[in-house]
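Heads up, the thing below is written out as structure tokens.
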Amino acid sequence: KGLEMIEACWLFDARPEQIEVVIHRQSVIHSLVDYVDGSVLAQLGNPDMRTPIAHALEWPERIDSGVSALDLFAVGRLDFERPDEQRFPCLRLAREAAQTGGSAPATLNAVNEVAVEAFLQRRIRFVDIAGMIESVLNAQPVRAVEALDAVFEADARARELAAQWLAAR
17 KGLEMIEACW
27 LFDARPEQIE
37 VVIHRQSVIH
47 SLVDYVDGSV
57 LAQLGNPDMR
67 TPIAHALEWP
77 ERIDSGVSAL
87 DLFAVGRLDF
97 ERPDEQRFPC
107 LRLAREAAQT
117 GGSAPATLNA
127 VNEVAVEAFL
137 QRRIRFVDIA
147 GMIESVLNAQ
157 PVRAVEALDA
167 VFEADARARE
177 LAAQWLAAR
């Protein structure tokens, strides 16, 4: 969810405090937009990645993605929870990176990719992912991002620091 929050900040030119992360375990509601009149627009659909992929491939048109129509009666109810950033430390780290700006989000993304790969290879435990991300974020100075090269540099350096973190374990 943290990377999605950063993505929403970029896509909608929003500050992190304008984005509210909501836990919705049924994965039926994919986005919510609050309007100034107090109404909320929700995008609902079956939890299937074929829908956003089809939309991305054919935008602005809509095509048949092969996903069945959402049956609201089968869903029955929609449940929501506020995330606990103590329980979900990667969300806190993503919010902090988004607030910091500059190269911090690129650093977070790069070390997250390395950490997830290390977890999948059973080199670290799931609970080690946040610590690895935080360690690299703290070790890498934040730089202004005025060109794409700065993003690539932050990414490469974060991967180096992540590899060092893994080697030191």
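Going by this note's numbering, the sequence shown opens with residue 17, and the numbers climb by one from there.
By construction, the Cβ of each residue, glycine as well, lies at the ideal position given by its N, Cα and C atoms.
Item                                                                                                                                                               : Value
Could you spell out where the alpha helix (DSSP H) holding Asp165 opens and where it closes?                                                                       : Leu164 to Ala183
Within this structure, are the beta carbons of Val91 and Gln42 separated by less than 8 Å?                                                                         : yes
Output needed for Val152: all residues of its chain with C-beta closer than 7 Å, excluding positions within five of it in sequence on either side, in chain order. : Thr123, Val127, Ala174, Leu177, Ala178 and Trp181
As an exercise, report each continuous beta strand (DSSP E) stretch of at least 3 residues that is fully enclosed by the segment 50 to 101, in chain order.        : 56 to 60
Is the separation between the beta-carbon of Val167 and that of Ala120 shorter than 8 Å?                                                                           : no
Assuming Ile140 and Ala134 make a contact with CB atoms under 8 Å, what is their CB distance in whole Å?                                                           : 5 Å
Check whether the segment 103 to 120 and the segment 60 to 78 are in contact - that is, three or more C-beta pairs closer than 8 Å.                                : no
Using only alpha-carbon positions, find the residue among Arg78, Val143 and Leu88 that is nearest to Gln102.                                                       : Val143
Looking only at its own chain, which residues have a Cβ that is under 7 Å from the Cβ of Gly82, when we skip the five neighbours before and after it?              : Arg66
Give me whichever residues DSSP pairs with Ser47 in a beta bridge.                                                                                                 : Gln59
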